[in-house]
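Residues in the sequence shown are numbered from 3 upward in steps of one, following my numbering.
These notes are about the structure you will find just below.
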Amino acid sequence: MKKTTKQYLEYLEMSGIQDIFFEERKMNSTEKFEKLKAKTLKCKKCELAKTRNNVCFGNGNPNADLMLIGEAPGAEEDKTGNVFVGRAGKLLTKMLQAINLEREDIYIANTVKCRPPENRDPKAAEKIACLPYLEKQIAIIQPKIILLVGRVAAINLLKQDIPLKTFRETTHLYQGIKTYVSYHPSALLRNPNWKRPAWEDLQKIQQDLENLK
Ligand code: SF4
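What follows is the structure in structure tokens.
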């Protein structure tokens, strides 16, 4: 507290004013986002903090209309601290470009921010510990459309344990936000037959984004 402010408060107190309340300055969304990022980068809430090299908070435009959410970082992500890098990331970049989007146009994150060792599935306790960071990211970004890639991300956010095929049959609502579920780019690398349905999902999203204009 500045010396002059402190002196003024002491003066008010001596004048008989006992309780002084300050209205906390409201943070704008950029400040909230940076504060959340700083907190996440220091997080040690679960076991994954012991083995990670970097916390992969997310990348892209925090004012984006579209937010894409995957499962958890892999080895490349852990090395760099960025999400969706490596082969799956390159494929994702191409898929987005096919609907006239650059990665910087959207926001990309994972449901779990630190890499599970040997790329194992995140444990329930890790998913529960990490979910509030994603929930806050979504609340600040307020995307118009969410795209969940992979069944694990879909189960984690939509709280339904159903096959990916069933998730894809309809759109969902997450906190009132229209939400699509589609294939994870890693799955498309393993099974190119899924590229066609994934492309159909992307076209629907492209149409929705056009309709927002
Ligand atoms: S995975 Fe999430 S909860 Fe666990 S240490 Fe990393 S940031 Fe924290």
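For every residue, glycine included, the Cβ atom is placed at its ideal position computed from N, Cα and C.
What's the C-alpha gap between residue i and residue j?
i           : j           : result
residue 62  : residue 84  : 10 Å
residue 90  : residue 75  : 11 Å
residue 131 : residue 57  : 14 Å
residue 204 : residue 96  : 12 Å
residue 65  : residue 108 : 8 Å
residue 168 : residue 136 : 24 Å
residue 40  : residue 155 : 23 Å
residue 139 : residue 35  : 7 Å
residue 219 : residue 144 : Given that the chain is displayed from residue 3 to residue 215, the structure contains no residue 219 and the question cannot be resolved.
residue 150 : residue 78  : 20 Å
residue 215 : residue 69  : 17 Å
residue 172 : residue 42  : 32 Å
residue 134 : residue 60  : 14 Å
Leaving out five residues before and five after residue i in sequence, what residues of the same chain have Cβ atoms less than 6 Å from its Cβ?
i           : result
residue 210 : 147
residue 153 : 166
residue 124 : 74, 114 and 118
residue 208 : 101
Tell me which residue opens and which closes the alpha helix (DSSP H) that residue i is part of.
i           : result
residue 83  : Counting along the chain, residue 83 falls outside any alpha helix (DSSP H), and DSSP gives it neither H nor E.
residue 207 : 197 to 214
residue 192 : 187 to 192
First and last residue of the beta strand (DSSP E) that includes residue i?
i           : result
residue 180 : 179 to 184
At a threshold of 8 Å, does residue i count as lining ligand 3 (C-beta to nearest heavy atom)?
i           : result
residue 128 : In terms of ligand content, the structure shown lacks ligand 3 and carries ligand 1 instead.
Who are the near neighbours of residue i in its chain, counting only those whose CB is closer than 8 Å to its CB and skipping five residues on each side?
i           : result
residue 181 : 147, 148, 149, 150, 159, 160, 173, 174 and 175
- [ ] List in chain order: all unbroken beta strand (DSSP E) runs of 3+ residues lying wholly within the stretch 109 to 175.
- [x] 109 to 112 and 147 to 151
Q) Counting only runs that start and end within the stretch 32 to 71, where is the alpha helix (DSSP H) found for 4 or more residues in a row? A) 50 to 53
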